[in-house]
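Chains as they are written, first to last, in the numbering used here: chain A, 19 to 333; chain B, 98 to 368; chain C, 2 to 532; chain D, 917 to 1385.
Glycine included, every Cβ here is placed at the ideal spot set by N, Cα and C.
Just so it is clear, the structure is predicted and the values come from calculations on it, not from any experiment.
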Amino acid sequence: MLRYSLKRLLSLIVSLAVASVVIFAVIEVAPGDPASFMLGVNAQEDTLAALRSELGLDQPKIQRYFDWIGGMLTGDFGTSYTYRTPVAQMIADRLWVSLPLALYALTLSTLIAFPAGIYAAARRGKPGDAAVMGATQLGVAIPNFWFAMMLVLIFAINLRWFGAGGFAGWDKGVWPALHSLTLPAIALALPQAAILARVMRSSLLDILGEDFMRTARAKGLSRRQALWRHGVRNALIPVLTILGLQFSFLLAGSIIIEQVFYLPGLGRLVFQAISSRDLIVVESVVMLLVFAVIVVNFLVDLAYALVDPRLRNRT
Amino acid sequence: MSRNLILGGFLSSLVLLAAILSFFWTPYDHATLNIPAKLQPPGVEHWFGTDHFGRDIFSMIMVGARTSIAVALIAVGIGMGLGVPLGLAAAARRGSWLDELIMRGNDLVFAFPSLVIAILITAVFGAGAVNAIIAIGIFNIPVFARVARGAALSLWQREFILAARVAGKGAARISAEHILPNIANLLIVQGTIQFSLGILAEAGLSYVGLGAQPPTPSWGRMLADAQTMVSFAPHLALIPGLAIIVTVLGLNLMGDGLRDWLDPRIRVARA
Amino acid sequence: MSLLEIRNLDLRIHSFEILKSVHLTVRPGEVVAVTGESGSGKSMTALAVMRLLPDTATHTGSIILDDTELLDLSEAEMCRVRGAAVGMVFQEPMTALNPVKTIGDQVMETILVHRAMPPDKAEERAREVLTRVGLPPEKFPLSRYPHELSGGQRQRVVIAMAIALRPKLLIADEPTTALDVTTQAQILDLLKGLVQEYGMGLLIITHDLAVVSDIADKITVMRHGEVVESGPTRQLFAEMRHPYTRMLFEASGHKVNLPPAPAPEPLLSVDNVVRDYPLPRHLFRPQAYHRAVDHVSFALHRGERLGLVGESGCGKSTLTRAILGLEQVQSGKIMLDGEPVFSGAKPNLAVRRKMQVVFQDPFGSFNPRHRVDRLITEPFHLLDAAPQGSERQDRIAEMLSAVGLSPDDAGKYIHEFSGGQRQRIAIARALIIRPELILFDEAVSALDVSVRAQILDLLAELCDAYHLTYLFISHDLSVVRTVTDRVLVMRSGQIVEQGETETVFSDPQHEYTRKLIAAAPVLPEIGKTVA
Amino acid sequence: QTNITIAMQLEPPHLDPTSAAAQAIDSVVYTNIFEGLTRFMGDGSVVPGLAESWEISEDGTQYTFALREGVTFHDGSSMDAEDVKFSLDRALAEDSANAQKALFSGIDTVEVLDPQTVKIMLKEPDGNFLFNMAWGDAVIVAPESIDDIKTNPVGTGAYTFSEWVQGDRIELTRNPNYWGDQPSIENATFKFISDPTAAFAAVMAEDVDVFTGFPAPENLPQFEADPRFQVLVGSTEGETILSTNNKQAPFDDPKVRQAMAHAIDRQAIIDGAMFGYGTPIGTHFAPHNPAYVDLTGQSAFDPEKAKALLAEAGHADGFETTLHLPPPSYARRGGEIIAAQLAEVGIKAEIINVEWAQWLETVFKGKNFGLTIVSHTEPMDIGIYARPDYYFQYDNPEFQSLMEELSKTTDPDGRTALLQDAQRIIADDYVNGFLFQLAAITVAKAGVQGLWENAPTAATDLTGVSWSE
Ligand SMILES: Nc1ncnc2c1ncn2[C@@H]1O[C@H](COP(=O)(O)OP(=O)(O)OP(=O)(O)O)[C@@H](O)[C@H]1O
Ligand SMILES: Nc1ncnc2c1ncn2[C@@H]1O[C@H](COP(=O)(O)OP(=O)(O)OP(=O)(O)O)[C@@H](O)[C@H]1O
Ligand SMILES: [Mg+2]
Ligand SMILES: [Mg+2]
């Protein structure tokens, strides 16, 4: 188990290193000079040069890459070109919106998908199954931003059950904050839940055909007991993979959803930063997202080992 | 043939036909503005109504299908064209440094939140259909590589591959002659799924303004344009949304149906 | 007084009649064996008793267990019967256990699901039954997971689960088919012991007549869903009233007449061959290896039929692959006709065209997308001047006829053939370039006895017609005994004994060979009573 | 009710109005946090600010300002003539980062006469000087607060800065020590909602009380029909123009520019892009300005004439060019319409949507463009046509000398005449496509009073705002 973890950790570090180079390189070729954007249309050339050197933009690229990486490792993400505040602080503030949103959506989609998938698998071929599967087909086909628009139209503008967007802030209490994240979380969660439910169902159906399920029935377990005690945990293995992948989809999807609901999250930050050429922020946020995805996949790998003892003493 | 396949095939060919037909005929010219006639609800004159510039939405949907299909199709082509050979090579040299390299490379691409990178690519190299295709295509490569590798690996364990090796055939030849035809079904099914995901991705990118640029009509941009008008002209958002849903639903149903239909296990049982 | 009585059981799945008025009784303390070829309905009969048939199955008739009509019970009532009154053991020990739960949990589950005793008691009972089946908790703690056990040990866990509540009836569906002979003997002993000790009834299903004769008090022979003959073991073997039973019996002990081997002239020489597989890398340790073939040396003469026996995992297939030049060996030399199979780091194609192989799995050996003509001409790839046009057609026709198929079959796909026919096609593929040497890796293991007998006959005929030289690999001693001149006995990668086949079988020298032969169940001689 | 939430589209990059061009900064801080010697009122008039009164010398080159008594900065220090001198010198300096250096370029020296009096010497008379001193770029700052002025602005205004949640909002609190009348609003929150849909939703859901510069004119009918809201439509200083690269072929030919002017249907653009909000203009001048001349007839919509002119210029088959569009919807939507209108006369304009940063890089600095749409929101900015290096590269010596003369003229009638001449010259030259004056659109809850209807400068003056009961 330890060795398995260490090996995964090593490949995690390599992945992160390669990812950082790729991100840095892409950002480097981006057109648009941050200094001239900051100073506006009437800036003088000497002021610009002064600002560039203040921002460290006149250093050689290699130097800047290592400065960036070194800074990140010590928690210093640099200073935002436009806001002039530490990037780390900005990201931390936004993370308090994006992360709860992703987790909220993940929880919602799991809460919807697991029972739906299990229900459908247990009633394979019956009307209940067909209904759930039909709904999931639809769910998979709906673009989440369109769904978000519809949610706003119905629940915020017409029914006024929810705010149309914006974030209350955690300082106003947990409930108002969650309330303002509810519609976005639903918009993010439902399409994902549809995928998850489908995976859950098909994985469970595979398991239901396994010999050990028959063994379980022969012991006297009812269909239901066999399903819950022996089926679900085994079916969880492929579902975990999807769950891991979904986290990255949720983070990415939140970029668009945050636009629709004007939530001050990482997605909005990245869009704003791209449009204002606040490259250091773009760089750091993208790196953070990649880091989150890689770490989540690492955790998923570890979770496999928890679910599947066969992996525990693997190297 | 299953109900899924028939329904899915029907919906998909409907969209495809609309796209092809749009080259020859649309009820109105999709690009002609008629501002006095803006925001008309669906009716006899304009079946799907008109948009904020008075353009005919039905015509725009037809031409938009063209954009969606072209972007998604080429992106799938990129993914298959590069991913499948990579996957086959990795499987043929299982456990070698090549396999390791290809799979790590795949993991890496997977680790990037695809939308963020697509945004980055289009932000850096400019918004537009070509960059959208590249951005979507890049993320198709590991998908196909993974599917091809996984399926090929299990085939490499089969005795008929061993028999081919005994007959002196090399890895490349075996991959082309034995592996590829046997995983083709899977690739087709995955292809339909990626195709539908490509349509969604294109819509998403266009929605944030990074996909096809005006005046090329695109469903995603139609939605973006409709955003502020849903409350008084819901058809502006409903119709492109439904177009996307119908297309993706059709493709997914078709993918599911194809999977069942092409599954050799079921086919053998039927024979 | 019977424990289980099946009367007039008819079973249909959709429009197929699977079982036709099956009769069968089991008394307490009695071992009843159901035998017959694949697809004869043995498993369906057993599953009907458990009421675990596919949802689409419909049945009529009666299954009475201890005065209860099982067919009348509701699903909930049936759940109370399963595991408590009837236990069941399945064929595949590798997949019959839930991989993510400990063996202790799985054994205890039988007890707990019936609320037969409180958890602490249940655990005690689990230890007890695991000890009884030969897995004392001191050596095999309850916290073990299935993947940490061997096949035989897993089958013991399955049995422990089935007997945890001391059911009156135990059903075992091919409980030893997937196991080595030595393990099979142990499991059969265990089952016999349990029947005696607990006075259970045992309904055992097996296609192996030798196993049947060894264990059963009563035998039921099935064919196409019908019981063709049944009776006490001695009597049934003595009388063999039904021709099918007789056919089965004869096919099981089928002997072929090999033409005499020509004078020894060396063809293949295997000299001190070692094959190591790297074990999964450990991060901070040097690379470790698993030695699958360990300094193996032997010679094979032109026209000789050599056998290779040994238990699962002893390295038989690995050796085959090394001889074929598919994998490089770590040390030693393999020469065919004076040339190495591996020259440098590359397989020697000039040598390879002198060898062909027939594999075990009649289903996996062919690309399902190619037609038979393309399948069997694949080895032409090895030839510099492969036959073309009509010459090619003639060769295909000749080969198909030689293996007992029709030249018209050339245009068919593989799924249109039965297992036996597929194995014939595999032989045709091996023969088509007239190799000097053919390797048979478990080539008949997956076949029914009657089909197996036909294939063995075919081999003998082909020896006559084509003067074959082959290496015949099998774990089935009786088969090796009849189709080989000389035999090698392999254990953990080493050849422990070799010699003339008859000599080795009648007078084994090595202790391991003796153990193998003793463990193999034998058919009674026809007309004589069974001990 | 003494709290108010005011939404706007753009978030300021930082909070120092004296070192950036961003209008968003002034929208938050102007008159609320920072004040200048003079200030704009909602109607565009210039009135005394921190200077209570002033005297102008005969020759118009010396301004002596008498400062108000008892004015303190938010940090408690008092505001005196030294601070004024510091602020102006800072803006004037060689390395000054002030975005509107031109406002100060006429200043020769600043002299402190006593703590309450400051004298400013100009190089030559400047009729615009009091107007210039009212800009947000000319506010008075405290020397000791300069270092972190960008995140912690300290001014003399009626509100003190209290919190900035980046990406979301800025909060201001009433300044109890304000020298003037205490305003009625105690706490003000500025919220930044860039997305037009979100803007609509936020107002509809009553998450915000006021939205200034409301970005989605298509939604205004709904607000007007809803008794919960009021809609204020005024005018801004934003001349929205189809900027044309006067140095790039074929736009270096006035015939071509004239042809384009006739190919454009202004009303269609106003209707299509702005849903009817906006005033057509025929030159680069705000229609609400008394000196405005209506020249729209000179470039009336006439595609046939446009085609004829193109043919005359040797482009009978039209030509291809690029149309760079920055993010605001007037540009994006207007661009689509203009592209379609130009296509009608044979000009194929390839639409290139750009972010502001890219726009600055390629269009504004790189001058690498054919056409672009942008709204020039600085007040009285016709002077840009006198700068040959300005991105549309109009170089007309006649116009340049006219502007020089204007800056020396203080007499109002003379100024008006000159300004009108200037308007005519650029209209005659068809320098750019003159489209419309951007409307100032404010949506507010029905109970909010005292909001500026027009936007003579970027500002959200809270001092006059209150809730009706
Ligand atoms: N789920 C099913 N649906 C339809 N037919 C089935 C199903 N399971 C088995 N059969 C058919 O029922 C018949 C009897 O099958 P059964 O499994 O009882 O044979 P068996 O004697 O146990 O053979 P084997 O030795 O191969 O296990 C076969 O013809 C088989 O094809
Ligand atoms: N590719 C491989 N990598 C690592 N170990 C292997 C590999 N192939 C076989 N082995 C190991 O080598 C040993 C010999 O395997 P082999 O397949 O030759 O056995 P066998 O005698 O043919 O068994 P069976 O009768 O089950 O076919 C086994 O322990 C097996 O686990
Ligand atoms: Mg069976
Ligand atoms: Mg083997």
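query	result
Would F299/C pass as a contact of D174/C if the rule is Cβ separation under 8 Å?	no
When we look at the beta-carbon of G421/A and count the other beta-carbons within 10 Å, is it buried (16 or more) or exposed?	Absent from the structure is residue 421/A, since the part of chain A shown begins at 19 and ends at 333.
Going by alpha carbons, who is nearest to E498/C out of H468/C, Y513/C, N273/C?	Y513/C
Please compile the residues from chain B whose C-beta is within a distance smaller than 7 Å of the C-beta of F163/A.	G301, Y304
Going by Cα to Cα distance, which pick from E63/A, Q107/A, A134/A is closest to Q210/A?	A134/A
The alpha helix (DSSP H) that contains H1178/D, what's its start and end?	1170-1179
Are at least three pairs of beta-carbons, each pair with one atom in the region 239-257 of chain A and one in the region 275-288 of chain A, less than 8 Å apart?	no
Going by DSSP in three states, M177/B sits in which element: helix, strand or coil?	helix
Three Cβ pairs or more, each shorter than 8 Å: is that satisfied between the region 1299-1314 of chain D and the region 1257-1268 of chain D?	no
How is H1292/D classed by DSSP in three states: helix, strand or coil?	strand
Could you pull the start and end residues of the alpha helix (DSSP H) that Q495/C belongs to?	No alpha helix (DSSP H) holds Q495/C; the beta strand (DSSP E) holding it covers 495-501.
Run through DSSP, which three-state label would P1196/D get?	strand
According to DSSP, simplified to helix, strand and coil, what is M201/C?	coil
Cβ of T325/B less than 8 Å from any chain D Cβ?	yes
Nearest-angstrom Cα distance between L34/A and V373/C?	51 Å
Taking the beta strand (DSSP E) that D353/B falls in, what are its first and last residues?	Element bounds for D353/B: not the beta strand (DSSP E) but the alpha helix (DSSP H), 332-359.
For chain A, check one thing: does any of its Cβ atoms lie closer than 8 Å to the Cβ of E175/C?	no
Note the first and the last residue of the continuous alpha helix (DSSP H) segment covering P145/A.	145-159
Looking at C-alpha atoms only, which residue of T1376/D, R1249/D, S1291/D, R1173/D is the closest neighbour of G1234/D?	R1173/D
Could you check where the beta strand (DSSP E) with P279/C kicks off and where it finishes?	267-279
Classify Y290/C as buried or exposed, calling it buried when 16 or more other Cβ atoms lie within 10 Å of its own Cβ.	exposed
Could you pull the DSSP bridge partners for E1314/D from this structure?	Paired residues: none, contrary to the question.
Let me confirm a value: E1277/D is counted as buried when at least 16 other C-beta atoms fall within 10 Å, else exposed. Which label applies?	buried
Note down, in chain order, each residue of its chain lying with its Cβ closer than 6 Å to the Cβ of G135/C, except the 5 sequence neighbours on either side.	R157
From A298/B to I233/B, what does the alpha carbon distance come to, in whole angstroms?	7 Å
Would you verify that the beta carbon of K21/C is, or is not, closer than 8 Å to some beta carbon of chain A?	no
Just tell me which of A1302/D, T947/D, L1354/D, H1178/D has its CA closest to the CA of R1432/D.	Nothing in the structure corresponds to residue 1432/D, since chain D is present only between 917 and 1385.
Can you give me the start and stop residues for the alpha helix (DSSP H) that K1223/D sits inside?	1219-1228
Quick check: the Cα distance between L166/C and L98/C, rounded to an integer number of angstroms?	18 Å
Chain G partners of S366/C, CB-CB under 7 Å?	The chain labelled as chain G is not found among the protein chains of the depicted structure, namely A, B, C and D.
Does V445/C come out as helix, strand or coil in the three-state DSSP assignment?	coil
Report yes if the C-beta distance between L1088/D and M1176/D is below 8 Å; otherwise report no.	no
Tell me, please, whether the CB atom of D1005/D is closer than 8 Å to any CB atom in chain A?	no
Are the region 1274-1293 of chain D and the region 1314-1334 of chain D touching by the rule of at least three beta carbon pairs closer than 8 Å?	no
Could you tell me how far apart the beta carbons of A1132/D and F1108/D are, in whole angstroms, since I believe they sit closer than 8 Å?	Actually they are not in contact, since the Cβ atoms of A1132/D and F1108/D sit about 15 Å apart, beyond 8 Å.
Cutting at 8 Å between CB atoms, please list the residues of its own chain near Y1208/D, excluding the five before and the five after it.	F1201, A1202, Q1339
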